[in-house]
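The structure under discussion appears below in the form of structure tokens.
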Amino acid sequence: MTIVLVHGNPETDAIWDEMRKHLSSNDVIALSPPGFGSPVPADFGATSDDYANWLTAEVAKLPGPIDLIGHDWGGGHVVRMANARPELIRSWTTDIAGCFDPEYVWHEMAQAWQKPGVGEEAVRQMVTSPLEARAARYETLGMTKDVAARVAAGADEAMARCILSLYRSAAQPAMTAWGKDLSKAATLPSLVIIPTEDHFTGGEVLAKRTAARTGSSVAVLQGLGHWWMCQDPARGAAVINEFIASLA
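For what it's worth, my numbering labels the leading residue of the sequence shown as 35, then goes sequentially.
Shown next as structure tokens:
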């Protein structure tokens, strides 16, 4: 059994470090999407389709059975891959299930990135702001000091370009279209993680609605926010361990 972790935006795989210590499996791999902790190939367009294809190719190289776990956009890539190539994995887990509900509305920052000109200025400010200021902001959002510093150090112009391409490719109605038919993903065991204080991904009602459509187990993390794996790594790992144990 291999646990595969996939992070999102604007992150590096440092977000998983503390939680990995609490996972029941020693066979854990963290994949870094291009531009988010790994180099961007010259021909990589950084659209949602490109990332779903990237993840499919990476997972196909790994020994199974694979339990695929995604956070933020990593969770989006996981759902899309599971719905396209369910035969490659044993199970999938996401914490952004609400984003695939037809009533989902992108959060304010995402909408800024999706606007020409506004988005370019937003990512310019991100990559040119002092490293200490970026790290301090991530700390206020739930990252530990060490993780925040390492994630902040990962922000560069390549990440900025990928943010714009990814979010613009997923402007509505794209997310609604991708979430309309999740029947292939629904053939697999799955877990929807819902941190109650995550205000970026649609909230508990939308997440549970998607979970109902995919037949997913649901784990509500009361009081935790977007970076739940940093805020309480033991509790985050516990719900994953419980789900994976149920597959045996």
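For glycine and all other residues, C-beta sits at the position ideal for the given N, C-alpha and C. Remember, it's a predicted structure, so these values are computed and weren't measured experimentally.
### Query
Roughly how many angstroms lie between the CA atoms of T210 and N275, to the nearest whole one?
In the sequence shown, counting from the first residue as 1, residue 210 sits at position 176. In the sequence shown, counting from the first residue as 1, residue 275 sits at position 241. Computed Cα separation, rounded: 30 Å.
### Query
Based on the DSSP secondary-structure assignment, which residues constitute the bridge partners of S72?
The residue you call residue 72 lines up with position 38 of the sequence shown. P68, per the DSSP bridge assignment.
### Query
Are the CB atoms of V226 and E238 nearer to each other than 8 Å?
Position 192 of the sequence shown, counting from 1, holds the residue named residue 226. Position 204 of the sequence shown, counting from 1, holds the residue named residue 238. Contact flag unset, no.
### Task
Kindly give me the distance between the Cβ atoms of T248 and A220, rounded to whole angstroms, as I take these residues to be in contact under 8 Å.
Taking the sequence shown and counting its residues from 1, the one referred to as residue 248 is at position 214. Taking the sequence shown and counting its residues from 1, the one referred to as residue 220 is at position 186. Rounded, the Cβ-Cβ distance is 4 Å, consistent with contact.
### Task
Give the DSSP bridge partners of A253, in chain order.
Along the sequence shown, read from residue 1 onward, the residue named residue 253 stands at position 219. A253 is bridged to I227.
#### Entry: V40 in three-state terms, based on DSSP
Locating residue 40 in the sequence shown gives position 6, where the first residue counts as 1. Residue state, collapsed to three classes: strand.
### Task
Check each candidate in A194, P136, V181 and L165 and name the one with the smallest Cα separation from P207.
As a working note, residue 207 is residue 173 in the sequence shown. Comparing Cα-Cα distances from P207 to each of A194, P136, V181 and L165, the minimum goes to P136.
### Query
Between W147 and L198, is the Cβ-Cβ spacing less than 8 Å?
On the sequence shown, residue 147 is found 113 positions in, with the first residue counted as 1. On the sequence shown, residue 198 is found 164 positions in, with the first residue counted as 1. Yes.
### Query
Which residues bound the alpha helix (DSSP H) around T90?
Reading the sequence shown from its first residue, position 56 is the one you call residue 90. From DSSP, the alpha helix (DSSP H) with T90 extends over S82 to A94.
### Query
How is the alpha helix (DSSP H) around S199 delimited, first residue to last?
For the purposes of this step, residue 199 is taken as the residue at position 165 of the sequence shown. Taken as a continuous stretch (DSSP letters only), the alpha helix (DSSP H) holding S199 covers E191 to S203.
### Query
What do you get for N117, buried or exposed, if any count of 16 or more other CB atoms within 10 angstroms of its CB means buried?
In the sequence shown, counting from the first residue as 1, residue 117 sits at position 83. When all chains shown are included, N117 counts as buried.
### Message
Let me make sure I understand the geometry here. Which of T36, W261 and A169 has the alpha-carbon closest to that of D101?
### Response
Locating residue 101 in the sequence shown gives position 67, counting from the first residue. The shortest Cα separation from D101 among T36, W261 and A169 belongs to T36.
### Message
When you compare the CB positions of D106 and E52, do they come within less than 8 Å of one another, or not?
### Response
Taking the sequence shown and counting its residues from 1, the one referred to as residue 106 is at position 72. Taking the sequence shown and counting its residues from 1, the one referred to as residue 52 is at position 18. In this structure, E52 does not lie closer than 8 Å to D106 by Cβ.
### Message
Between the alpha carbons of S251 and T235, how many angstroms are there, rounded?
### Response
Residue mapping note: residue 251 aligns to position 217 of the sequence shown, counting from 1. Residue mapping note: residue 235 aligns to position 201 of the sequence shown, counting from 1. Cα to Cα, S251 sits roughly 18 Å from T235.
### Task
Work out the CA separation of A64 and H56 for me, nearest whole Å.
Taking the first residue of the sequence shown as position 1, residue 56 is located at position 22. Taking the first residue of the sequence shown as position 1, residue 64 is located at position 30. Cα-Cα distance, rounded: 15 Å.
### Query
Where do the ends of the alpha helix (DSSP H) carrying T174 lie?
Position 140 of the sequence shown holds residue 174. That run of the alpha helix (DSSP H) goes L165 to T174.
### Straight-line gap, V74 to A80 (C-alpha atoms, nearest Å)
Here residue 74 corresponds to residue number 40 of the sequence shown, with the count starting at 1. Here residue 80 corresponds to residue number 46 of the sequence shown, with the count starting at 1. Those two C-alpha atoms are separated by around 8 Å.
### Query
Short check: CB of I49 to CB of V157, under 8 Å?
Residue 49 sits at position 15 when you count from the first residue of the sequence shown. Residue 157 sits at position 123 when you count from the first residue of the sequence shown. Cβ distance not < 8 Å, so I49 and V157 don't count as in contact.
### Task
Kindly indicate which residue of W88, P97 and G98 has the alpha-carbon position closest to the one of R114.
Residue mapping note: residue 114 aligns to position 80 of the sequence shown, counting from 1. For R114, the nearest C-alpha among the options comes from W88.
### Message
From the DSSP secondary-structure annotation, give me the bridge partner or partners of I123.
### Response
For the purposes of this step, residue 123 is taken as the residue at position 89 of the sequence shown. The partner list for I123 (beta bridge, DSSP) is empty, contrary to what the question assumes.
### Task
Would you verify that the beta carbon of V157 is, or is not, closer than 8 Å to some beta carbon of chain B?
Although the question refers to chain B, the structure presented lacks it and comprises just one protein chain.
### Query
Taking DSSP as the reference, what is the three-state secondary structure of G237?
Looking up residue 237 in the sequence shown gives position 203. In this structure, G237 counts as helix in the three-state DSSP scheme.
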